[in-house]
Amino acid sequence: MHPNAQLLTDFYAAFARRDGDAMASYYHPDAEFSDPAFPGLRGARVTSMWRMLCERGTDLELTLVDAQADDRTGHARWEARYTFSMSGNKVLNRVSSSFEFKDGKILRQTDHFPFWTWSRQAIGPAGLLLGWTPFLRNKVQAQARRSLDKYMEERGIKGA
Numbered sequence: 179m180h181p182n183a184q185l186l187t188d189f190y191a192a193f194a195r196r197d198g199d200a201m202a203s204y205y206h207p208d209a210e211f212s213d214p215a216f217p218g219l220r221g222a223r224v225t226s227m228w229r230m231l232c233e234r235g236t237d238l239e240l241t242l243v244d245a246q247a248d249d250r251t252g253h254a255r256w257e258a259r260y261t262f263s264m265s266g267n268k269v270l271n272r273v274s275s276s277f278e279f280k281d282g283k284i285l286r287q288t289d290h291f292p293f294w295t296w297s298r299q300a301i302g303p304a305g306l307l308l309g310w311t312p313f314l315r316n317k318v319q320a321q322a323r324r325s326l327d328k329y330m331e332e333r334g335i336k337g338a
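Under this note's numbering, think of the first position of the sequence shown as 179, with each following residue one higher.
The structure is reproduced here in structure tokens:
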């Protein structure tokens, strides 16, 4: 197995254990992350997001479906089952992730999942009706940003 494919396997194993510190250790200091809920994160905001999600995801079940990588790039498919804390709704999120590596660490990660599918499950009827609109996506992103800002402030973490 390529070392970067092993890195991804280990990264998702840490996620399945909800070990945010281990997940953070796989990122390059200049890391970037983006997904439909947390777009454009950099540095400490990336690792803080994973720590926050691991701490709050008390019923998280994660399955790594596939991980492949070479010297520069990688790809993973994974599924997360959890309860969305704001609604109490159960979610099954199927995610496709692309990676770039530098110095044996994750430099850039972009996660893709259908926002409308996620919002129908997580938010319920409003997600079904509005999940395809920029309005709801922007609202979810703003709430995610506020939640991450508060998490980092409470822990005295400075970030970009």
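Glycine residues also receive a C-beta, built at the ideal position from the N, C-alpha and C atoms. Quick caveat, the model's predicted, so the values are computed rather than measured.
Cβ neighbours of Phe293 within its own chain (closer than 7 angstroms, five residues either side excluded): Pro214, Gly309, Arg315. By the criterion of a C-beta distance shorter than 7 angstroms, Thr241 is surrounded in its chain by Trp256, Glu257, once the five residues flanking it on both sides are discounted. Between Ala202 and Tyr190, the alpha-carbon positions lie close to 11 angstroms from each other.
Using a Cβ-Cβ distance cut-off of 8 angstroms, the segment 228-247 and the segment 179-198 are in contact, since at least three pairs of beta carbons, one from each stretch, lie closer than that value. Comparing alpha-carbon positions, the option among Arg259, Ile301, Met330, Thr295 lying closest to Leu238 turns out to be Arg259. Only residues of its own chain outside the window of five on either side were considered, and among them Phe262, Ser265, Asn267, Val269 have a CB closer than 7 angstroms to the CB of Ala300, listed in chain order. Contact between Ser226 and Gly337 is confirmed by a C-beta separation of about 6 angstroms, below the 8 angstroms threshold. Assignment of Thr236 by DSSP, reduced to helix, strand and coil, places it in the coil class. For Arg323, the closest of Gly302, Gly198, Gly218 by C-alpha to C-alpha distance is Gly218. For Asn182, the CB contacts under 6 angstroms within the same chain, skipping 5 residues up- and downstream, are Ala247, Gly252, Phe279 in chain order.
If you look at Phe291, you'll find it isn't in any beta strand (DSSP E); DSSP assigns it neither H nor E. Selection Gln319, Pro207, Met330, Gly302 evaluated against Lys283 yields Pro207 as nearest (Cα-Cα). Around Phe211, the same chain offers Leu219, Val224, Gln287 as residues with beta carbons nearer than 6 angstroms, after the five sequence neighbours per side are excluded. The C-alpha of Ser297 lies about 25 angstroms from the C-alpha of Phe277.
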